[in-house]
Structures are given as C-alpha cells and as structure tokens.
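Start counting the sequence shown at 20; every next residue gets the next number (this note's numbering). The beta-carbon is built from N, C-alpha and C at its ideal position, and this holds for glycine as well. Heads up, the thing below is written out as structure tokens.
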Amino acid sequence: MSRRRPAERLRELSRTVAAALTGSSLAGQRWLVVDDEPSSLAPALEAAGAAARNWWRWAFGGLAASPWPPPGKWHGIALRLPRDRSVLDMQLHLLAPHLEPGGRLVAWGANDEGARSAAGVLATFFEQVRPVASRAHGRVIEAAEPRPMPHPGPGAPWLRRARIEVPLGGETSPAQLDFVSYPGVFAGGELDEGTALLCSHLSELHLDGAVLDFACGAGMIAAAIRHCCPEARITGLEIDALALEAAGLNVPGAELLLSDGWQAIDAERRFDQIVSNPPVHRGRQEDHSILLDLLRRARRHLRGRGKLTVVVQGRLGALVERTLPHARRLATTSRYQLWQG
Ligand SMILES: C[S@@+](CC[C@H](N)C(=O)[O-])C[C@H]1O[C@@H](n2cnc3c(N)ncnc32)[C@H](O)[C@@H]1O
C-alpha cells in the first residue's frame, strides 16, 4: 500500500499514463484528454508529436470546463476514469463514436476510485480491452474497436427528471418542483438532507433582493427560492459545468456562473443574502478550504445588513462557530446544522 498522498500518487499515475501513451511516435495524431486535473498529459502528447485538446467537466483553478465533449474525431482519447459508474457510462457513449477507425481510448485512474472494475465496463463498449500498466494504487487500460451500439448524443438523453417536494418552512406550503439532473451531479436529482434543512427555513429569510447560491449544484436551493420568493434576483455559482447546465433548466433566467469558489465573483460585487450547502471535498479528497473561504469572504460580498445562511454536517458546526464567532445556529437535525452569520 502506497503511503504517498493522493495528489502525489495521482501525479505519478499521470506520468505512467504519459509514458504508456508516448512510447511510440504520435506525429499527426489528434488526441482528446478528458478530466486530466494535473493537466500534464496534453503537454506530454504534444511533445510526442500529437495535437492534444483538453476537455474538463470541473473548472478546478479556473480550467475552461464545459458540460459536453468538443466536436471532432480523435485518433486517441485519454480518459481519467470517473468514480461514478453512471458518469463512465455516459462518457463512453459520448466518446466512443468519435474515435477514428483504428483509434484507441486509454482510461486511467486510482484503484480506490473504481479503476479495478473499469475494464469490465470498457468491455461492454469495445471489442479489444487490455491492461497497459498496473501500479499499487492505479491502472491504465487501453480499449479499441468500439462495438456497434446506439450512442445517444449529448444533452437531453442524459437528463434525469423527478418531481420533488421541497419544504419551505413557516406557513408556506412545500414546493412541488419538476427538477432535472445529469449523471454525477450532487444528490443525483434527489433532495439531499442538508439541502432540505436549508430550504425548510427559506420562507423566514426574506429573500427579496440579490441572492447568491454558493455551490448551487443543479439548483435545488435556487429553484426553491424562485418558488417561495419570486422577487429574488438569483445568482448561482458552481464548479461542475454539467450541474450548471441542469441548473439552467431548473432555474431559467437566473445568473449562473462557472466558478471555483469565489473566482468568478468580482471583488466589488455585493449580495443581499448568500445561501449555501457548501462542498467539503476538493475533487475526490475531503477538504474544508472552500467552506472556510466561503465563511471568511462572504462578509465582503454582502451589503450592510446582508446575511450568510449555510448548512453543514454536524461535525463541522464547531468550525463554523470558530470562523464566524457571531454566527447563530438556526436549526439542528441528527446530521446537519443550519448557521446564519
Ligand atoms: C453539497 S453540494 C450542494 C449542491 C446544491 N447546493 C444542493 O444543495 O443541491 C456542493 C456543490 O459544490 C460544488 N463544488 C465543489 N467544489 C466547488 C468549488 N470549488 N467551487 C464551487 N462549487 C464547488 C459541487 O460540484 C456540488 O455541486
């Protein structure tokens, strides 16, 4: 078992992939590199003579993310395996038909993120699947000759639709929301328990000005605000381009910003209220930096009497209290706490 930190292991795995890909000349080949967060593969492919293009779904550090793959045909596709099987399924449907005849897809990822079972999934899409490299912590798998099968294109075929009852609190009746989501988006199109706790206090928050939903996902909180407070001018920010695509359908007309934390919000921008069910992961690792950044910087993006309302897991309540000493706890359930500061 490797003792190195996940980010270092990932970089090492990425170097293994680069070595496996560039063993022979790639002169004149076009490659698509998918969700390579260390962003080291495209330069390695270009050094071996290929033209490489990145496609990221998540805008980490301001990466130019987009919900769907760019159009085009590729001699090779380097795919960082997603943890979620339904995302892998969608990606293979979207990518396999865009391989040039004789082209190959090289999938790679960490064992503890599902790379062990990926070969079986790849075999349902490709005639040829073979391991290229295997390390203690990850593997690289090559697939070629896509099997003939229907390939729904991007967009609507992947939408998950559900009617969801969202509590709004006080005397207000619950909202019945026709809500859509895409594979791999937070909560899978269902109502998360933390989100429900925040929504069940919306009617008490007097949301009638400019409201920011920080880390809005597919827009469940924003859609509930639209329902209970139609005068609110809603802005949602989110790092996942596909979640934001769903938010566009769930909260039409809202301002939606692809953003890693506060990145897309101008320093001068002010809101009357900020609400959030914030992330406590950075990519696949537990990480509280975005939550802390939300708590510390919310003040400078709020107008005079503005408030930040944030829901966190109970174990993080102490962190909220330490960071915002004047915050008060509005509600507690067995797993979540709702704070206002
Ligand atoms: C706990 S979920 C809440 C989603 C939505 N507000 C809801 O309640 O359904 C947190 C969201 O934060 C997003 N996220 C993760 N890291 C982020 C970052 N650095 N900047 C902005 N959003 C981020 C995730 O993609 C996810 O959609």
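For residue j and residue i, the rounded distance between their alpha carbons
i      : j      : result
Arg180 : Gly47  : 43 Å
Arg34  : Ser59  : 8 Å
Pro90  : Leu263 : 20 Å
Pro186 : Ser192 : 7 Å
Leu32  : Ala126 : 12 Å
Arg28  : Trp281 : 28 Å
Glu223 : Leu349 : 11 Å
Arg303 : Ala241 : 25 Å
Pro101 : Arg324 : 42 Å
Gly85  : Ile244 : In the sequence as presented, Gly is not what sits at residue 85; that position holds Ser. One C-alpha to the other measures close to 26 Å.
Met20  : Glu132 : Only weak support is given to the placement of Met20: the predicted model assigns it a pLDDT of 33, under 50, and the value that follows is read from those uncertain coordinates. Met20 and Glu132: Cα-Cα distance of roughly 15 Å.
Ala71  : Leu64  : 6 Å
Arg289 : Val329 : 17 Å
Arg22  : His156 : Note on Arg22: pLDDT 41, under 50, position unreliable in the model; the coordinate value appears next. Whole-angstrom Cα-Cα distance: 10 Å.
Ala206 : Ser44  : 43 Å
His220 : Arg319 : 24 Å
Check: residue i C-beta below 7 Å from any heavy atom of ligand 1
i      : result
Asp197 : no
Asn296 : yes
Leu364 : The question about residue 364 has no answer here: the residues shown for the chain are numbered 20 through 360.
Ser85  : no
Gly236 : yes
Thr41  : no
Leu256 : yes
Gly81  : no
Thr328 : no
Ile244 : no
Ala206 : yes
Thr191 : no
Ser278 : yes
Thr214 : yes
Ala262 : yes
Asp211 : yes
Asp259 : yes
Ile160 : no
Val109 : Residue 109 is actually Met in this sequence, not Val. Met109 Cβ: outside cutoff for every heavy atom of ligand 1.
Met239 : yes
Whole-Å CB distance - residue i paired with residue j, under 8 Å assumed
i      : j      : result
Gly208 : Phe198 : 6 Å
Gly203 : Leu261 : 7 Å
Asp279 : Ile258 : 5 Å
Trp93  : His112 : Actually they are not in contact, since the Cβ atoms of Trp93 and His112 sit about 15 Å apart, beyond 8 Å.
Ala97  : Val148 : Not really, about 15 Å apart at Cβ, beyond 8 Å.
Pro298 : Ile284 : Contact doesn't hold; Cβ gap of about 16 Å is too wide.
Glu161 : Val151 : 5 Å
Ala134 : Arg158 : 5 Å
Gly238 : Val270 : 4 Å
DSSP-derived helix/strand/coil call for residue i
i      : result
Leu187 : coil
Pro150 : strand
Gln282 : coil
Arg318 : helix
Ala26  : helix
Asn73  : strand
Val299 : coil
Ser200 : strand
Pro167 : coil
His225 : coil
His117 : helix
Gln48  : coil
Glu264 : helix
His345 : coil
Gly208 : helix
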